[in-house]
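Residue numbers (the numbering used here): 1315 to 1522.
A short write-up of the structure that comes next.
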Amino acid sequence: MAGPGKRATPAATPASPGSGRVLGIDPGTRVVGYAIIDVPAPGRFDYVECGVLKVEAKDELHVRLLELTVGVRELIGEFAPASLAIERAFTGLNSASALKLAEARGALKLVALEHGLAVSEYAPAMVKRAVVGRGRATKAEVQARVRLLCRLGKLPRSDAADALAIAICHVQASKLGPSPSKSPIPSGRRGKLRGLPAGRVAKDKTRT
1315 MAGPGKRATP AATPASPGSG RVLGIDPGTR VVGYAIIDVP APGRFDYVEC GVLKVEAKDE
1375 LHVRLLELTV GVRELIGEFA PASLAIERAF TGLNSASALK LAEARGALKL VALEHGLAVS
1435 EYAPAMVKRA VVGRGRATKA EVQARVRLLC RLGKLPRSDA ADALAIAICH VQASKLGPSP
1495 SKSPIPSGRR GKLRGLPAGR VAKDKTRT
């Protein structure tokens, strides 16, 4: 966003012909990492964009979640992905943090389902194994690996790198069959939610 209620939106980026398009999300309550990749063939992907959506930490949780969902809704409107890949809850969090993150994940998944996206979830260790080869890889290792895989000129920030890793994990898992945590697309429910205010979301992005 360029300021409160305004988003610096480039021209819509069409998906590559014959490709699926994946929106990867690293969920959070103040910062949400996102990544857009095209899938021209099973097991292959083309990088489109990654970045973060940021909201004011001082705002109440429900306000932050509303603004983050508006930001994700704008991403869906701009890039028209077919599916959402999101990280499953991390079991190492304390109960208060886990509950807040669960609210964020639920809100973001709801937006995706309202727009007709198929939703798949992946555990952090599975994501790390998919891109680095080790389930206990560090964030720095994930950043370096996705930079290499996506041929980025610089390291993406950690949240964006995690979102890219989640999207790449989805591409690899899709070769093997449906994810066990995949939510079906609701029949006849590809409409948008209406009447919600524009969020005060700061968007940082990295494009090729």
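Idealized CB from N, CA, C, for every residue including glycine.
This structure is a prediction, so every number in the text was calculated from the model and none was measured.
- Query: Could you check where the beta strand (DSSP E) with Arg1335 kicks off and where it finishes?
  - Reply: Here residue 1335 corresponds to residue number 21 of the sequence shown, with the count starting at 1. Where Arg1335 is concerned, the enclosing beta strand (DSSP E) stretches over 1334-1340.
- Answer yes or no: do Ala1396 and Arg1335 have a C-beta to C-beta separation smaller than 9 Å? What you label residue 1396 is simply residue 82 of the sequence shown in a count that begins at 1. What you label residue 1335 is simply residue 21 of the sequence shown in a count that begins at 1. Closer than 9 Å, so yes.
- Query: Should Glu1401 go down as buried or exposed, given a rule of 16 or more other Cβ atoms within 10 Å for buried?
  - Reply: Within the sequence shown, the letter at position 87 stands for residue 1401. Looking at its Cβ environment, which holds 16 or more other Cβ atoms inside 10 Å, Glu1401 is buried.
- Any idea if Pro1354 is buried or exposed, counting beta-carbon neighbours within 10 angstroms, 16 or more meaning buried? Against the sequence shown, residue 1354 aligns to sequence position 40. Exposed, since its Cβ has fewer than 16 Cβ neighbours within 10 Å.
- Got a sec: is the Cβ-Cβ distance from Met1440 to anything in chain B below 9 Å? The structure shown has no chain B; it contains just one protein chain.
- Item | Top-ranked residue by Cα proximity to His1429, from Pro1470, Ser1411, Tyr1436, Val1384 | Here residue 1429 refers to the residue found at position 115 of the sequence shown. Among Pro1470, Ser1411, Tyr1436, Val1384, the Cα nearest to that of His1429 is on Val1384.
- Message: Using a Cβ-Cβ cutoff of less than 8 Å, which residues in the same chain neighbour Leu1431 once the five nearest sequence positions on both sides are dropped?
- Response: The sequence position of residue 1431 within the sequence shown is 117, counting from 1. If we look at Leu1431 and ignore the five residues flanking it on each side, its Cβ neighbours are Leu1337, Ile1390, Pro1395, Ala1396, Ser1397, Leu1398, Ile1499.
- Quick one: using the 10 Å Cβ neighbour count with 16 as the cut-off for buried, is Thr1487 buried or exposed? Your numbering for residue 1487 matches position 173 in the sequence shown. With the sequence shown as reference, residue 1487 is identified as Ala, and Thr is not the correct amino acid for it. Label assigned to Ala1487: buried.
- Task: With a cut-off of 8 Å on the beta carbons, I'd call Gly1357 and Lys1489 a contact; round off their distance for me.
- Result: Here residue 1357 corresponds to residue number 43 of the sequence shown, with the count starting at 1. Here residue 1489 corresponds to residue number 175 of the sequence shown, with the count starting at 1. Contact holds; Cβ gap of about 5 Å.
- With 16 other Cβ atoms within 10 Å as the buried cut-off, status of Lys1459: Reading the sequence shown from its first residue, position 145 is the one you call residue 1459. Note that residue 1459 corresponds to Arg in the displayed sequence, not to Lys. Buried, by the Cβ-count rule.
- Exposed or buried, Thr1343, counting other C-beta atoms within 10 Å across all chains shown (16 or more means buried)? Numbered from 1 along the sequence shown, position 29 holds the residue referred to as residue 1343. Looking at its Cβ environment, which holds 16 or more other Cβ atoms inside 10 Å, Thr1343 is buried.
- C-beta atoms of Pro1341 and Arg1450 nearer than 9 Å: Within the sequence shown, residue 1341 is the residue found at index 27, counting from 1. Within the sequence shown, residue 1450 is the residue found at index 136, counting from 1. No, the Cβ-Cβ distance between Pro1341 and Arg1450 is not below 9 Å.
- Query: Measuring CB to CB, does Ile1351 end up less than 9 Å from Ile1482?
  - Reply: Against the sequence shown, residue 1351 aligns to sequence position 37. Against the sequence shown, residue 1482 aligns to sequence position 168. Yes. Within cutoff.
- Drop a sphere of 10 angstroms on the beta-carbon of Glu1363, count the other beta-carbons inside from all chains shown, and report buried for 16 or more, exposed for fewer. The residue you call residue 1363 lines up with position 49 of the sequence shown. Label assigned to Glu1363: buried.
- Item | DSSP three-state assignment for Lys1519, whether helix, strand or coil | The residue labelled residue 1519 in the question sits at position 205 within the sequence shown. Here Lys1519 sits in strand by DSSP.
- Within the same chain, show all residues whose beta-carbon is closer than 8 Å to that of Ala1480, passing over the 5 residues directly before and after it, in chain order. Here residue 1480 refers to the residue found at position 166 when the sequence shown is read from its first residue. Rather than Ala, the amino acid found at residue 1480 in this sequence is Ile. Closer than 8 Å at the Cβ level, and outside the excluded window around Ile1480, lie Gly1338, Ile1339, Asp1340, Ala1349, Ala1399, Ile1400, Glu1401, Tyr1436, Val1441.
- Query: Where does Glu1381 land, buried or exposed, given buried means 16+ other C-beta within 10 angstroms?
  - Reply: Along the sequence shown, one-based indexing puts residue 1381 at 67. By the neighbour-count rule (16 or more Cβ atoms within 10 Å), Glu1381 is buried.
- Message: From the DSSP secondary-structure annotation, give me the bridge partner or partners of Ala1432.
- Response: The residue labelled residue 1432 in the question sits at position 118 within the sequence shown. Its beta-bridge partners are Ser1397.
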